[in-house]
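Residue numbers (numbering that gives the first Met the number 0), protein chains in the order written: chain A, 0 to 154; chain B, 0 to 154. Glycine included, every Cβ here is placed at the ideal spot set by N, Cα and C. Working notes for the structure below.
2 protein chains.
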Amino acid sequence: MKRDGKLLIALHILAHLAVAPVRPLTSAALAVCLCTNPVVIRRALAGLREAGIVTSAKGHGGGWTVARPPATISLREVYVALGERIDLAPVRGSAGSGCLIEATVARALDGFSAEAEALLLRRLDTISLADLAAGFHQRLIEQTGSSHVMSAPAE
Amino acid sequence: MKRDGKLLIALHILAHLAVAPVRPLTSAALAVCLCTNPVVIRRALAGLREAGIVTSAKGHGGGWTVARPPATISLREVYVALGERIDLAPVRGSAGSGCLIEATVARALDGFSAEAEALLLRRLDTISLADLAAGFHQRLIEQTGSSHVMSAPAE
DNA sequence: CTTTCATGTAACTATCATTGTTACATGAAA
DNA sequence: TTTCATGTAACAATGATAGTTACATGAAAG
């Protein structure tokens with residue numbers, strides 16, 4: 000089961016950086032880990048660098064490092080930095096159909112999307128990059144009282 | 000702002016069907032409403048027909064009708080019938096990278112996705128097609144105590 | 001029974017986003 | 001000065017979705 004998604008890729012890289020030795024990891028080395036291309040790594044990390052989550056250095060001994068202690072970086076921060084969204088009714092063009100029914104449905108779906116995303120953000124906020132690198136099961140059990148994240152929370 | 004998404008399209012169609020007169024609506028007529036093609040309409044409704052949400056009839060006077068009273072059809076049912084998913088770490092191939100870190104991250108993201116989707120399903124369950132067709136603001140106010148669905152719920 | 005209407009479906013094209021690749025410029029350390 | 005590694009642009013490859021055309025199927029109207 001090969002997997003995808005910007006967030007998965009970014010967190011995968013960050014987890015490698017978090018457990019890495021002092022030396023920075025190069026895009027080429029990370030590309031091997033992720034079975035992909037160095038340019039893909041750089042593209043994935045560009046936004047995270049602007050957000051102050053990772054730093055990069057050129058030349059000999061250069062590469063990528065986490066900009067702060069992994070315990071101070073939440074998954075929420077990464078999610079936001081990537082610009083990910085839950086959106087059940089995404090905007091597609093600037094045309095505007097003008098249909099009132101469509102607008103009504105879209106507004107409702109936007110609301111539900113926002114609610115679902117708010118919950119997601121709260122969950123992501125409880126997990127740090129350090130938790131992720133450590134396996135983070137303890138943290139999950141603390142938070143939800145269950146090792147199964149699948150269980151629906153009491154809202 | 001032209002909008003997209005299977006769920007939006009399906010609900011838009013269903014709302015038109017819910018407010019339609021007794022006569023079935025043809026794919027061609029619906030295509031005009033949605034600024035699209037009759038075949039797109041048929042494709043969008045095929046899954047809903049199998050799920051028993053709409054029925055179709057051929058020939059003269061044929062077209063699409065809701066299979067049950069709109070008040071008995073929840074948005075959740077539509078969402079499920081369409082096979083929509085919130086998935087932060089979708090499966091892409093059968094290769095399997097074998098990286099333990101990736102698997103750990105993916106499992107966590109799956110859990111969060113499932114939680115967010117569970118919340119979404121609970122919300123969709125409270126809205127019926129009839130609510131949608133009527134404007135459904137009253138129903139929303141009843142449920143959440145606010146006319147702004149954007150507000151984060153007390154979990 | 002033939003015509004007309006409308007769905008059902010396959011096949012193909014177009015469009016768009018993502019990914020992979022190549023190439024080259026920039027900057028830092030050896 | 002050479003080598004390493006990022007930064008970025010440009011382009012091809014891939015995959016998903018949407019749009020289109022064409023034709024078969026079935027039902028009602030005449």
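Considering only beta carbons, no part of the stretch 36-64 of chain A lies closer than 9 Å to chain B. Look at the stretch 69-121 of chain A and you find these whole runs of alpha helix (DSSP H), each 4 residues long or longer: 74-81.
Taking the Cβ atoms as the reference, A/T25 lies roughly 4 Å from A/G62, within the contact range of under 8 Å. Scanning chain A for C-beta atoms nearer than 8 Å to the C-beta of B/L10 yields V104 and L108, reported in chain order.
The C-alpha of A/R22 is placed about 47 Å away from the C-alpha of B/K5.
A/A80 sits close to A/I52, with the two beta carbons spaced by under 8 Å. Shown here for A/A27: same chain residues with a beta carbon closer than 7 Å to its own, the five before and five after excluded, namely P37 in chain order.
The beta carbon of A/L13 sits closer than 6 Å to those of L128, all from its chain and outside the five residues before and after it, given in chain order. Contact between B/L29 and A/L108 is ruled out by a C-beta separation of about 19 Å, above the 8 Å threshold.
Judged by pairs of C-beta atoms under 8 Å, the stretch 113-120 of chain B does not touch the stretch 63-73 of chain B, as fewer than three such pairs exist.
Taking all protein chains in view, the Cβ of A/L74 is crowded by 16 or more other Cβ atoms within 10 Å, so the residue is classified as buried. Proximity of A/E76 to chain B, defined by a Cβ-Cβ separation below 8 Å, is not satisfied. Note that the C-beta distance between A/I100 and B/H11 is below 8 Å.
Beta-bridge partners of A/A56 (DSSP): A/G62. Judged by beta-carbon spacing, B/A9 lies within the 8 Å limit of B/L47, meaning their Cβ atoms are closer than that value. Neighbours of A/G4 in chain B, taken as residues at a C-beta separation under 7 Å, are given in chain order as L87, A88 and P89.
Taking 8 Å as the cut-off between beta carbons, the residues of the stretch 117-130 of chain A near chain B are A117, L118, L119, R121, R122, L123 and I126, in sequence order. When 9 Å is used as the limit between beta carbons, B/G134 is near these residues of chain A: T103, in chain order. Beta-carbon to beta-carbon, B/F111 and B/L131 are separated by about 28 Å, too far to satisfy the 8 Å threshold.
Residues of the same chain with their beta carbon placed closer than 6 Å to that of B/E49 are lacking, with the five preceding and five following residues left out of the count. Residue contact check for B/I100 against chain A: a CB pair falls below 8 Å. A distance below 6 Å between beta-carbons, with the five flanking residues on each side excluded, links A/A70 to the following residues of its chain, in chain order: S127 and A129. The Cβ-Cβ distance between A/A115 and B/A115 falls below 8 Å. Taking a beta-carbon distance threshold of 8 Å, B/A115 counts as an interface residue toward chain A. Here A/A56 is exposed. Its C-beta has fewer than 16 other C-beta atoms within 10 Å. Counting C-beta atoms within 10 angstroms of its own C-beta, A/V77 has 16 or more neighbours from the protein chains shown and is therefore classed as buried.
In this structure, A/G134 places its C-beta atom within 8 Å of the C-beta atom of B/T103.
For the options A/T125, A/C98 and A/P89, the alpha carbon positioned closest to that of A/A113 is the one of A/P89.
When only Cα atoms are considered, A/R67 and B/C98 end up about 25 Å apart. Taking 8 Å as the threshold, the shortest C-beta distance from B/L7 to chain A falls below it.
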